[in-house]
Each structure stands twice: as structure tokens, then as C-alpha cells.
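**Q** Everything in the sequence shown is counted per my numbering, starting at 1058 for the first residue and increasing by one. Cβ coordinates follow ideal geometry from the N, Cα and C atoms, glycine included. Dropping the structure in here first, questions after.
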Amino acid sequence: MAVITFANTKGGAGKTTAALLLTTELLHRNYRVCVIDADPQRWFSKWYEGAALMPRLTVETYVSAPTIQKTVHERRSQWDFVIVDLPGIQSPLLASAVGLSDHVIVPIQGSSMDAQGGAQVLDLLRYLDRKAGIRIPHSVVLSRVNPAITTRSMQAVKRLLSEQEIHVLDTPIAERAAFREMFDMNRPLRKLEGVQTSGGEKAITNAEAFANEILAVVRTGAAKPPAYAATRGLPVYETAA
Ligand SMILES: Nc1ncnc2c1ncn2[C@@H]1O[C@H](COP(=O)(O)OP(=O)(O)O)[C@@H](O)[C@H]1O
Ligand SMILES: [Mg+2]
């Protein structure tokens, strides 16, 4: 149905965490999900190998630049969602994966706004659009945001990005212990012990809102087309989600 790629050429931006949250929320809604773990460090695969069997989830591991195209093409017709988790380095995989995606999510750490790795992905997306007329819908998600951060400073960051015609999800991903524990315990968020505590409940609400928003942007092809696409009469990319 839809291919969603998590990309940022910097490690630690929160790609795998965001990919895992989306995956487990989609499973919770009874979708069938295939994750393509394109990171040689295999964080997603290691989580999956240690987790209890989940019949609606499969994880393809050791996927590299020469194999990603075939793997995505085969899997997209068989699964409701294909989620691609990329490594936190510059690699030829980035352009291949982005070109195969219905939507690219770029997690950028909200706390530090250290956006360099995200900017490399956004530059590539802009280049594909302007030079080749290939418009891949994409959104930034502010990740690892301190839950105590003021709405005003979040709004300022969003305004800064939207001035550059970059769509930013309304839902940031907060920095939460529960999001780290998913990896330590090899469990989905909702299956963590003690997740009924207030911190855990907030984490679930956050994951739920994040998945809702991604489903909505994937369905609509997301963000409005940038002004230059409209003036050049480029078609607005639509997904078949
Ligand atoms: N929202 C979050 N809350 C708490 N810890 C997080 C969050 N996002 C990421 N982390 C932690 O930060 C580290 C890097 O995150 P990860 O998702 O693996 O980043 P990436 O895949 O971009 O390299 C991991 O230890 C992860 O558990
Ligand atoms: Mg990762």
C-alpha cells in the first residue's frame, strides 16, 4: 500500500525509535507491516529478533543499495505498509530509498535543532523536485523533544521550517523513558510493564497521535505543493494509501 521511509544522515536523530513507534501503532490497528532494516547496525532487526512473535510483522534485514529496490517492489504489493529504516550516515541507500517512497519522514531532534543530517535529506528531496521533477512528499517530525518545552518555542521552530516550505508534523515525539525501554525490553510500547503509569500513558497518547498524523499525511500526499512546483505546473504527487 504505502512505503514510508525514515531518513536523517545523522545517527541518534530518533529514526529507529520513530519507525518502531509507527510500526507498532500500525500493528495495533491490525495493519500488516513489513519493515526494511537498511541499517548495517540492525537496531530494528535486533529488537525484532528479541521480541515475541508478531504475526502481522516481518522485518527484512541486511537490505543494501543493490537489493533495496527489488525488496521494496516485492513487499509493497504484499503488505499494508512498508517502513524503511535507514542508517545514520550518508549512503547510496538514501537516494534509492527516497525514490521508492510514498512519504519520507525526517526526524530532527527538537531539543538541539541540530538539523544538519536532516538538512542533507531535505536538500536531496528539493534537488529531485527542482532538477528532475520528482516530488516525494515528506515531513519533518521533531524528535526527542523535552515534554516540558513550551508550545511557543515549538511554534517558532515550526515557523522557521515552514518558511522554507518544509512540512512539519503537528505531533513532536517527546523524549520519554518508555521509548527507550521498548529497545531495552524488546517489546512494543503498549506491552511494556508498568506502561499504565502516567508517563507511560503519555507515551502511548504521543505514539497514537504520531501514527494518526502520518496516516493522514500519507493518505493525502501531505503537505501542500511548494510554490515552485505550482508555478512550474508539476503534478501534485498522490499516494494510493
Ligand atoms: N523519543 C525518545 N525518547 C527517549 N529516548 C529516545 C527517543 N528517541 C531516541 N531515543 C534514544 O536515543 C538513541 C538513538 O535513537 P534512535 O532512534 O536509535 O536514532 P537513529 O535511528 O536516528 O540513530 C537510542 O538510544 C534511543 O533509545
Ligand atoms: Mg537507527
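Ends of the beta strand (DSSP E) at I1162?
**A** Here the beta strand (DSSP E) through I1162 covers 1160-1166.
**Q** Helix, strand or coil for A1059? Go by DSSP, reduced to three states.
**A** Strand at A1059.
**Q** Give me the Cα-Cα distance between D1227 and E1270, rounded to the nearest whole angstrom.
**A** Between D1227 and E1270, the C-alpha separation is close to 8 Å.
**Q** Is G1107 near ligand 2, in the sense that its beta carbon is under 7 Å from a heavy atom of that ligand?
**A** Checking the Cβ of G1107 against ligand 2 gives no.
**Q** Can you check the stretch 1108-1152 for any beta strand (DSSP E) of at least 3 residues that lies completely inside it and give the ranges in chain order?
**A** As far as the stretch 1108-1152 is concerned, its whole beta strand (DSSP E) runs of at least 3 residues are 1114-1117, 1138-1142.
**Q** For A1095 versus G1145, is the C-beta distance shorter than 8 Å?
**A** In this structure, G1145 does not lie closer than 8 Å to A1095 by Cβ.
**Q** On the criterion of 16 or more Cβ atoms from any shown chain inside 10 Å, does L1199 qualify as buried, or is it exposed?
**A** Label assigned to L1199: buried.
**Q** Buried or exposed: N1203, going by 16 or more other Cβ atoms within 10 Å of its Cβ?
**A** N1203 comes out exposed.
**Q** Run through the stretch 1196-1261 for me and flag every whole alpha helix (DSSP H) of 4 or more residues, listed as ranges in chain order.
**A** Entirely contained in the stretch 1196-1261, the alpha helix (DSSP H) runs reaching 4 residues are, in chain order, 1208-1220, 1234-1242.
**Q** Is there at least one non-hydrogen atom of ligand 1 closer than 7 Å to the beta-carbon of E1258?
**A** No, Cβ of E1258 sits at least 7 Å from all heavy atoms of ligand 1.
**Q** Taking only the alpha-carbon atoms, compute the straight-line gap between F1267 and P1123 and give it to the nearest angstrom.
**A** Cα to Cα, F1267 sits roughly 32 Å from P1123.
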